[in-house]
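A.B. asks:
Number of protein chains: 2
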Amino acid sequence: MGRTTLRDVAELSGFSVTTVSYVLNDIPGKRIPDSTKERVQAAAAQLAYTPNRLAQGLRRRRSDTIGFVGDHVATSPHAGQSIQGAQDAAAARGSILVLMNTGADEDLENREIRELRDRQVDGIVYAAEYHRVLTPPAALEGIPTVLLDARSTESGWSSVVPDEAGGAAAAVTELLEHGHRRIAFVNNEDDIPASSLRLDGVRQALAAADLALAPDMLTQHPSEARGGFLGALTVLDRPAHERPTGLFCFNDRMALGAYQAAQELGLRVPQDVSIVGFDNQELIAASLRPGLTTVALPHYDMGRWAVDTLMDSIDSTRKERPRYETLPCPLVRRGSVAAPPG
Amino acid sequence: MGRTTLRDVAELSGFSVTTVSYVLNDIPGKRIPDSTKERVQAAAAQLAYTPNRLAQGLRRRRSDTIGFVGDHVATSPHAGQSIQGAQDAAAARGSILVLMNTGADEDLENREIRELRDRQVDGIVYAAEYHRVLTPPAALEGIPTVLLDARSTESGWSSVVPDEAGGAAAAVTELLEHGHRRIAFVNNEDDIPASSLRLDGVRQALAAADLALAPDMLTQHPSEARGGFLGALTVLDRPAHERPTGLFCFNDRMALGAYQAAQELGLRVPQDVSIVGFDNQELIAASLRPGLTTVALPHYDMGRWAVDTLMDSIDSTRKERPRYETLPCPLVRRGSVAAPPG
DNA sequence: TCCAGCAGCCGAAACGTTTGGGCACTCGAT
DNA sequence: ATCGAGTGCCCAAACGTTTCGGCTGCTGGA
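Heads up: the sequence lines are chains A and B, in that order. First residue of the first sequence? That's 1 in the UniProt record's numbering, and the numbers climb one at a time after it. First residue of the second sequence? That's 1 in the UniProt record's numbering, and the numbers climb one at a time after it.
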């Protein structure tokens, strides 16, 4: 038994396929008496008719499907949030998300994008694993696209990224407001936008309090627990009056390392040293003792924004100018910040 | 400019649409001279022709698309791995994955599954967030389906779950092989398959070494860091000769709590107490000092298996009997297990 | 010379929609 | 009676494939 089609509804209701289609799609121009509408709708309901979206897509030249392309779905614990945001936004507009996890290989990536285009996706969200600057794959040429968590080297591509500097400033400001004056930044050593932008944010927040970041209050290490451990050890292992009372760490994994360093030195968090992280990785931030105060990346919001602007540009007939968005990174307070000792 | 179609290739090559289709699909029955094949292929290559998959799907009554339905894409840090596995398996068979993150609401879930069916997906992977027993939503009736990380209450549904007992046994065996005799299990308190199956595994492994699990060597708490902290504290806070030298924790978050408890009591890991976790959450397991020895859940493999068996059943003409699979949970060694003290 | 058989190719229908164009009525005004 | 303007509905083409059932024209055997 095949699915029920428009024809079935037409036959049952006694009208033509055309009329049924008009009624079901509620075509504005056409005037159709209520009696007809009712009979058609009754027939459709009785048969539990739903349109075949493939046929619809073929005829309408629009699949109501958008592709989500990234190389990190499997690896990043945050990918899920952007996907979720993207999906919610798509659903709200009657579309659906097709996932494509590209390998590292550029050729493969282009092939996979073309595969999506063969399937007539209406547009594509190209998601980077972490905030970076990139040049979009060639296969994206000529189809509506939005970059997520990335800026393009060339202009002309809409994109959305987190407000790294603002987030970092919020973290430092939180420390300042608790009375801290000696504040260290345990930074990542990679040369990526997040490192430099967060450093900018730290400097801005300190400057706003008439403070500056002393060279011995800045360390750079690999962005994992071990790097955080080393960085924190460097700044904390000194006499109390020279020791920072507040630590801002590049991310939560490094903050975890900072906890370990503090423990190693016999310092308590937050009584002896306050710590703020970045990323809001639930798994870590909520598990630590005390809970880690940190800054959240707006993954969900970026996903939503990406799909929303993507669909705006699909819906609009003439070509829109690209949009560039920067979304805020809110502070998430837990228990790792207190007033400085003494 | 529209995409290039079969017609374009036909016109350029000088053959009919039919012939072009035969050549490009390499239809077995038809005899077509090489000269023709070459001309058609040249034309197709010149125009960079690729078929419109919507039209193809409509005609073939097969979309080469499979739906991945779950309620946890956003929340679970592991979802990505199953998705990745599913996607890899799908890609290997020329299909693509459509993601659908259902809400908690059952109605919504059914609607979303129907939406997938309207889009003519060939089959559906229904993924649970954690190992459980469930009854599949009504909307899945009549379409090839595989349950991932879940068993069905009714028979007739193919499904794949992790070998919880085997994984737990491996964890305890690892401790036994390092010479531990007093081993405690810091269990989760929820009544879910994972808790009872892992407990079974613990008992089996101990029994194989002629040991039993003493009541005071088993605790049950909420499955987060705090619960692990409490559980570990309970078993560890006693005189050394009664204290377990090895701890197996329900999951890595609880293991993290156990580290905290050990620290609280002045016990070093692994010199004074060895700890094994479950889940292999990189974020935690690799960040801890020392690194956490744990048991990995086969998310990726389950994803692959689900799609593979799904596509087997789609491809086979007659209805296959359901398959039930249990995949192994391998031990991942890091640094938290050593010989017991003394 | 005829015809069967076959290699090589193609027309047209079908998949399930949407939609431009138009037909057959009715009704009120002339 | 005739006309014009609506109203209510429908035919048929189109979207881009696949595939059934042929149709040609050549070859070779009788």
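Yeah, the Cβ is synthetic: ideal placement off N, Cα and C, and Gly gets one too. Since we're looking at a predicted model, the values are computed, not measured.
(1) What ranges does the beta strand (DSSP E) occupy inside the region 30-83 of chain B, keeping only unbroken runs of at least 3 residues that lie completely in it?
(2) Quick one: measure Cβ to Cβ for Glu154 of chain A and Thr173 of chain A, integer angstroms, because I've assumed they're closer than 8 Å.
(3) Give me the Cβ distance between Leu148 of chain B and Met302 of chain B, rounded to the nearest whole Å; I'm assuming they're in contact under 8 Å.
(4) Secondary structure at Pro162 of chain B, three-state DSSP: helix, strand or coil?
(5) Would you mind working out which of A:Ile275, A:Leu256, A:Leu230 and A:Gly266 sits nearest Thr245 of chain A, comparing C-alpha positions?
(6) With a threshold of 7 Å on Cβ separation, who are the neighbours of Gly142 of chain B within its own chain once the five nearest residues in sequence on each side are excluded?
(7) Measure from the C-beta of Asn188 of chain A to each C-beta in chain B and report whether the shortest distance is under 7 Å.
(8) Among all the DSSP beta bridges, which residues are the ones paired with Ala184 of chain B?
(9) Given this structure, state the Cα-to-Cα distance separating Glu177 of chain A from Gly227 of chain B, to the nearest angstrom.
(10) Taking contact to mean 3 or more Cβ pairs, one atom from each stretch, closer than 8 Å, check whether the region 65-76 of chain A and the region 88-102 of chain A are in contact.
(11) If you follow the alpha helix (DSSP H) that Asn25 of chain B is in, where does it begin and where does it stop?
(12) Strictly below 7 Å CB to CB, what residues from chain A border Gly201 of chain B?
(13) From A:Leu265, A:Val121, A:Ala10 and A:Leu58, pick the residue whose C-alpha is nearest to that of Gln46 of chain A; which is it?
(14) In whole angstroms, what is the alpha-carbon distance linking Leu297 of chain A and Leu233 of chain A?
(15) Is there a Cβ of chain A sitting closer than 7 Å to that of Val73 of chain B, yes or no?
(16) Let's see if you can read the secondary structure: which residues bound the alpha helix (DSSP H) around Ile124 of chain B?
(17) Please state whether DSSP places Ser13 of chain B in a helix, a strand or coil.
(18) Evaluate contact between the region 22-32 of chain B and the region 201-208 of chain A, counting only Cβ atoms and requiring at least three cross-stretch pairs below 8 Å.
(19) Rounded to the nearest angstrom, what separates Ala169 of chain A and Thr294 of chain A at their Cα positions?
(20) Apart from the five residues just before and just after Ala184 of chain A, which ones in its own chain have a Cβ nearer than 6 Å to its Cβ?
(21) With respect to the alpha helix (DSSP H) encompassing His299 of chain A, which residues constitute its N-terminal and C-terminal limits?
(22) When the Cα atoms are used, what is the spatial distance from Gly80 of chain A to Arg93 of chain A?
(23) Mind checking which residues open and close the alpha helix (DSSP H) that includes Asp252 of chain A?
(24) For the region 5-20 of chain B against the region 44-58 of chain B, do three or more pairs of beta-carbon atoms, one drawn from each stretch, fall closer than 8 Å, so that the two count as touching?
(25) Using a threshold of 7 Å, state whether the C-beta atoms of Ala90 of chain A and Leu97 of chain A are closer than that.
(26) Let me know the secondary structure DSSP gives Ala171 of chain B once reduced to three states.
(27) Going by beta carbon distance, what residues of the same chain come within less than 6 Å of Arg203 of chain A, once the five residues before and after it are set aside?
(28) What is the C-beta distance between Ala86 of chain A and Arg114 of chain A, in whole angstroms, given that I count them as a contact (C-beta under 8 Å)?
(29) Label Glu38 of chain B either buried or exposed according to how many other C-beta atoms from any shown protein chain fall within 10 Å of its C-beta, with 16 as the threshold for buried.
(30) Since residue 400 of chain B is in the alpha helix (DSSP H), which residue starts that stretch and which ends it?
(31) Ala286 of chain A: which of B:Pro322, B:Gly14 and B:Gly257 sits nearest, CA to CA?
(32) On the CB-based measure, 16 or more other CB atoms within 10 Å of its CB, does Arg333 of chain A come out buried or exposed?
(33) How is the beta strand (DSSP E) around Ala150 of chain A delimited, first residue to last?
(34) Can you tell me whether Asn280 of chain B is helix, strand or coil according to DSSP?
(35) For Met1 of chain A and chain B, any beta-carbon pair shorter than 7 Å?
C.D. replies: So, from the listed chains and residues:
(1) Under the rule that a run must span 3 or more residues, the beta strand (DSSP E) segments found entirely inside the region 30-83 of chain B read 65-70.
(2) Against the first sequence, residue 154 of chain A aligns to sequence position 154. Against the first sequence, residue 173 of chain A aligns to sequence position 173. Actually they are not in contact, since the Cβ atoms of Glu154 of chain A and Thr173 of chain A sit about 35 Å apart, beyond 8 Å.
(3) For this step, residue 148 of chain B is matched to residue 148 along the second sequence. For this step, residue 302 of chain B is matched to residue 302 along the second sequence. Rounded, the Cβ-Cβ distance is 5 Å, consistent with contact.
(4) Position 162 of the second sequence holds residue 162 of chain B. Strand, per DSSP.
(5) The residue labelled residue 245 of chain A in the question sits at position 245 within the first sequence. For Thr245 of chain A, the nearest C-alpha among the options comes from A:Ile275.
(6) Your numbering for residue 142 of chain B matches position 142 in the second sequence. Cβ neighbours of Gly142 of chain B beyond the five flanking positions: none.
(7) Your numbering for residue 188 of chain A matches position 188 in the first sequence. No, Asn188 of chain A lies away from the interface with chain B (no Cβ there is under 7 Å from its Cβ).
(8) The residue labelled residue 184 of chain B in the question sits at position 184 within the second sequence. Ala184 of chain B pairs with B:Leu247.
(9) Position 177 of the first sequence, counting from 1, holds the residue named residue 177 of chain A. Position 227 of the second sequence, counting from 1, holds the residue named residue 227 of chain B. If you take the alpha carbons of Glu177 of chain A and Gly227 of chain B, they lie about 33 Å apart.
(10) yes
(11) Within the second sequence, numbered from 1, the residue matching residue 25 of chain B stands at position 25. That run of the alpha helix (DSSP H) goes Val17 to Asn25.
(12) As a working note, residue 201 of chain B is residue 201 in the second sequence. Here the premise fails: no neighbours, minimum Cβ distance about 24 Å.
(13) Position 46 of the first sequence, counting from 1, holds the residue named residue 46 of chain A. Measuring from the Cα of Gln46 of chain A, the nearest candidate turns out to be A:Ala10.
(14) Working through the first sequence from its first residue, we reach residue 297 of chain A at position 297. Working through the first sequence from its first residue, we reach residue 233 of chain A at position 233. Roughly 26 Å separates the two Cα atoms.
(15) Position 73 of the second sequence holds residue 73 of chain B. By this cut-off, Val73 of chain B is an interface position.
(16) For this step, residue 124 of chain B is matched to residue 124 along the second sequence. Counting along the chain, Ile124 of chain B sits inside no alpha helix (DSSP H); it lies in the beta strand (DSSP E) bounded by residues Gly123 to Leu134.
(17) In the second sequence, the residue the question calls residue 13 of chain B occupies position 13. Helix at Ser13 of chain B.
(18) no
(19) By one-based count along the first sequence, residue 169 of chain A stands at place 169. By one-based count along the first sequence, residue 294 of chain A stands at place 294. Spanning the two alpha carbons is a distance of roughly 12 Å.
(20) If you number the first sequence from 1, residue 184 of chain A lands on position 184. Excluding sequence neighbours, Ala184 of chain A sits near Met217, Val235, Pro244 and Leu247.
(21) One-based indexing of the first sequence puts residue 299 of chain A at position 299. Going by DSSP, His299 of chain A is part of the alpha helix (DSSP H) stretching over His299 to Asp315.
(22) Position 80 of the first sequence, counted from the start, is the residue given in the question as residue 80 of chain A. Position 93 of the first sequence, counted from the start, is the residue given in the question as residue 93 of chain A. Taking the straight line joining both Cα atoms gives about 20 Å.
(23) Position 252 of the first sequence holds residue 252 of chain A. Asp252 to Glu264 is the extent of the alpha helix (DSSP H) around Asp252 of chain A.
(24) yes
(25) Reading the first sequence from its first residue, position 90 is the one you call residue 90 of chain A. Reading the first sequence from its first residue, position 97 is the one you call residue 97 of chain A. Result yes, Cβ atoms of Ala90 of chain A and Leu97 of chain A sit closer than 7 Å.
(26) Position 171 of the second sequence holds residue 171 of chain B. Ala171 of chain B falls in the helix class under three-state DSSP.
(27) By one-based count along the first sequence, residue 203 of chain A stands at place 203. Taken in chain order, the residues that qualify are Leu213.
(28) The residue given as residue 86 of chain A occupies position 86 in the first sequence. The residue given as residue 114 of chain A occupies position 114 in the first sequence. That belief does not hold up - the Cβ atoms of Ala86 of chain A and Arg114 of chain A are roughly 21 Å apart, past 8 Å.
(29) Along the second sequence, one-based indexing puts residue 38 of chain B at 38. So Glu38 of chain B ends up on the exposed side.
(30) Given that chain B is displayed from residue 1 to residue 342, the structure contains no residue 400 of chain B and the question cannot be resolved.
(31) On the first sequence, residue 286 of chain A is found 286 positions in, with the first residue counted as 1. Ranking B:Pro322, B:Gly14 and B:Gly257 by Cα distance to Ala286 of chain A puts B:Gly257 first.
(32) Along the first sequence, one-based indexing puts residue 333 of chain A at 333. That one is exposed.
(33) On the first sequence, residue 150 of chain A is found 150 positions in, with the first residue counted as 1. That run of the beta strand (DSSP E) goes Thr145 to Ser152.
(34) Walking along the second sequence from the start, residue 280 of chain B turns up at place 280. In the structure shown, Asn280 of chain B sits in coil (DSSP, three-state: anything other than H, G, I, E or B).
(35) What you label residue 1 of chain A is simply residue 1 of the first sequence in a count that begins at 1. Annotation note: pLDDT 45 at Met1 of chain A (below 50); position unreliable, no value reported.
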